[in-house]
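Below is one structure, written out as structure tokens; the observations come after it.
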């Protein structure tokens, strides 16, 4: 079969977020269109053949979004494919298999896996191109592509599109303006608001516990205190900048920015906007009145952008609503500001209005905005997966492949179906200052890395996303104050020299990195130059090998005390099959020596015998089909292994051989473990697995 060329090649695939799906439907489309030109499709519990047969004769080219029904609510994964510069090239939205995969709350670094890239993408260009089904070209006029569930992220704002219901049913925006102003031939356009923010002036009653007597609505009102509320709803769009919002200008001195991630007692529980009205600043009727004329001009500017050919009618409506709102506030405030003459009479205490101005309600995607500005850093959540992209057309495919783990006991098959949007432009994967995945419209420095540098943090987790160019480590040179560094997902880095600039680094941990024979020399030269490095550690999935060829004899770490491999509990607890029930070692089901081959043992460190600062030697004994007592024991007992350099390690206190279980020392009689221990003790008198030399002699 002829191999196809991937028109949008990628280097890495990352799990982005879990799409919390309701009504058993995964949706992908332009955010502002709200699925108003939708390909409503899907198959419950399909096989690969059923999917390909179903779609091969369907022409979906006229549509601009997809709603894929799958028969089950759940957590459906969304992935992104990026190139070496972290440019998002592809979006992969799982449509049939609810994996419930998401990132832990404290995650700060991210790994990509070759098998995801192979399953989601590569196989469709060399093995099974027939399972790659073209649907349509998604024309994103808003520059916002949304992945969501039934009716999309704007269903509450713009309404649902259920069969049998009015297409705009339950639309909150419809209460404020005719939705047809935002449509062309029945399809929502890019002028459609993606957020509305309601400003209210009146007697405030918040949803909180209260007694009958303390409730505002049960208070006896003075004649001028009738419970009249004035409201105005601001429309937000990514087409607007902060100079297009009349409420921003007219209430400029009263707006207070807050952190919406934290509780604020002054914020209304129905608002996700990150501004509130500052209760410590008194409203001035004169201030608002003086600003009203310019605010009207700003509203006019906004209306021209959002309503275009419907400008005249829409502006008439919006202008009246805004004027009624502002004038209502002024009329209520002004009597309190007048200082009338008393003509010799006793001055009466002014009766102040209890009406308050507040931001009372939001609907739509408030998280896309930082105040009145569209955010530069776009984050993701379970129900809000939105990508800022260049406006344009992006091909949409279905990728279908067999779920290899599915087993119904009857030889049945279940298919993964992914909705794939390709050729993405103007979208870069990045990390927030807290280490969460975000995207940017332009390529910019990692906020996570910038925050670590600015705050002189002593701990950080850096991955290929932080590097911006995933082939270069130059970005990490800036971490001058770092003492504990985790490097994640660093694969085939040719030049590790920037790492040697981190003079304060004490602990380096490698997480899912690949440092093979060809790149190991550069790696070890760099870390051996670190003057304060005390510990080197790796996870079990890191590939770390000794350098190929000659390594300089005069380079070695001066303070390195420990080299550790973090073995997960499940590998420690694996039990061998009955055939090998008497064998020892970690990863007892790994008959191919996958783990053993990935990471060198401590004596394989270059110039091991010169690292006099070592205080502890850790050996990792992995299961071996050929060696009953395990791989590490076999290596230690080998006549080809010379341990005479141990006598140079004057600071060495103990040796541990992990993956060799025993409860009492007498169980070690007549084992190769004893032979390995004797070989070590020949050159250095230390405890081995907590057992003294004296005890070993007695055995």
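Numbering (our numbering), first residue to last: 6 to 704.
Positions of the beta carbon are idealized from the N, C-alpha and C atoms, including for glycine.
Remember, it's a predicted structure, so these values are computed and weren't measured experimentally.
Roughly how many angstroms separate the alpha carbons of residue i and residue j, rounded to a whole number?
{"i": "residue 375", "j": "residue 318", "result": "30 Å"}
{"i": "residue 582", "j": "residue 69", "result": "53 Å"}
{"i": "residue 521", "j": "residue 378", "result": "46 Å"}
{"i": "residue 605", "j": "residue 547", "result": "10 Å"}
{"i": "residue 588", "j": "residue 572", "result": "19 Å"}
{"i": "residue 673", "j": "residue 631", "result": "20 Å"}
{"i": "residue 134", "j": "residue 414", "result": "29 Å"}
{"i": "residue 243", "j": "residue 555", "result": "58 Å"}
{"i": "residue 543", "j": "residue 258", "result": "54 Å"}
{"i": "residue 85", "j": "residue 153", "result": "15 Å"}
{"i": "residue 660", "j": "residue 471", "result": "37 Å"}
{"i": "residue 308", "j": "residue 316", "result": "6 Å"}
{"i": "residue 508", "j": "residue 482", "result": "10 Å"}
{"i": "residue 194", "j": "residue 187", "result": "6 Å"}
{"i": "residue 107", "j": "residue 488", "result": "29 Å"}
{"i": "residue 688", "j": "residue 702", "result": "15 Å"}
{"i": "residue 224", "j": "residue 382", "result": "Confidence at residue 224 is low in this model, with a pLDDT of 46, below 50, so the placement of that residue should be treated as unreliable; the coordinate-derived value is given next. Rounded to whole angstroms, residue 224 to residue 382 spans 46 Å at the Cα level."}
{"i": "residue 564", "j": "residue 678", "result": "30 Å"}
{"i": "residue 496", "j": "residue 254", "result": "51 Å"}
{"i": "residue 238", "j": "residue 95", "result": "36 Å"}
{"i": "residue 270", "j": "residue 280", "result": "13 Å"}
{"i": "residue 430", "j": "residue 148", "result": "10 Å"}
{"i": "residue 499", "j": "residue 558", "result": "21 Å"}
{"i": "residue 10", "j": "residue 59", "result": "25 Å"}
{"i": "residue 400", "j": "residue 73", "result": "17 Å"}
{"i": "residue 642", "j": "residue 576", "result": "24 Å"}
{"i": "residue 372", "j": "residue 288", "result": "28 Å"}
{"i": "residue 90", "j": "residue 428", "result": "15 Å"}
{"i": "residue 22", "j": "residue 648", "result": "49 Å"}
{"i": "residue 101", "j": "residue 485", "result": "47 Å"}
{"i": "residue 652", "j": "residue 681", "result": "16 Å"}
{"i": "residue 286", "j": "residue 175", "result": "37 Å"}
Rounded to the nearest angstrom, how far is the Cβ of residue i from that of residue j, given a contact under 8 Å?
{"i": "residue 432", "j": "residue 392", "result": "5 Å"}
{"i": "residue 201", "j": "residue 369", "result": "6 Å"}
{"i": "residue 314", "j": "residue 192", "result": "15 Å between Cβ atoms; not a contact."}
{"i": "residue 151", "j": "residue 390", "result": "7 Å"}
{"i": "residue 311", "j": "residue 327", "result": "Not a contact, Cβ separation roughly 14 Å."}
{"i": "residue 655", "j": "residue 684", "result": "Actually they do not touch by this definition, with Cβ atoms about 19 Å apart."}
Under 8 Å between the Cβ atoms of residue i and residue j?
{"i": "residue 31", "j": "residue 75", "result": "yes"}
{"i": "residue 394", "j": "residue 97", "result": "no"}
{"i": "residue 398", "j": "residue 143", "result": "yes"}
{"i": "residue 80", "j": "residue 50", "result": "no"}
{"i": "residue 15", "j": "residue 83", "result": "no"}
{"i": "residue 504", "j": "residue 531", "result": "yes"}
{"i": "residue 611", "j": "residue 552", "result": "yes"}
{"i": "residue 275", "j": "residue 181", "result": "no"}
{"i": "residue 585", "j": "residue 592", "result": "no"}
{"i": "residue 421", "j": "residue 402", "result": "no"}
{"i": "residue 516", "j": "residue 492", "result": "yes"}
{"i": "residue 260", "j": "residue 283", "result": "yes"}
{"i": "residue 17", "j": "residue 469", "result": "yes"}
{"i": "residue 452", "j": "residue 479", "result": "no"}
{"i": "residue 644", "j": "residue 676", "result": "no"}
{"i": "residue 590", "j": "residue 629", "result": "yes"}
{"i": "residue 235", "j": "residue 330", "result": "yes"}
Quick one: is residue i buried, meaning 16 or more other Cβ sit within 10 Å of its Cβ, or exposed?
{"i": "residue 216", "result": "Because the pLDDT of residue 216 is 42, which lies under 50, any placement of that residue in the model is unreliable, and the question is left without a value."}
{"i": "residue 363", "result": "buried"}
{"i": "residue 12", "result": "exposed"}
{"i": "residue 667", "result": "exposed"}
{"i": "residue 465", "result": "buried"}
{"i": "residue 63", "result": "exposed"}
{"i": "residue 205", "result": "buried"}
{"i": "residue 404", "result": "buried"}
{"i": "residue 93", "result": "buried"}
{"i": "residue 24", "result": "buried"}
{"i": "residue 348", "result": "Note on residue 348: pLDDT 47, under 50, position unreliable in the model; no value is reported."}
{"i": "residue 664", "result": "buried"}
- Query: Where are the alpha helix (DSSP H) runs, 4 residues long or more, that stay fully inside the segment 447-506, in chain order?
  - Reply: 452-459 and 469-472
- Query: Counting only runs that start and end within the segment 233-304, where is the beta strand (DSSP E) found for 3 or more residues in a row?
  - Reply: 235-241, 260-262 and 280-282
- Item | Uninterrupted alpha helix (DSSP H) stretches inside the segment 545-608 (no shorter than 4 residues) | 574-577
- Query: What residue ranges within the segment 389-447 form continuous alpha helix (DSSP H) runs of no fewer than 4 residues, ordered along the chain?
  - Reply: none
- Where are the alpha helix (DSSP H) runs, 4 residues long or more, that stay fully inside the segment 160-207, in chain order? 160-163
- Message: Suppose only complete runs of 3+ residues qualify. What are the beta strand (DSSP E) ranges in the segment 114-168, listed by chain order?
- Response: 137-145 and 149-153
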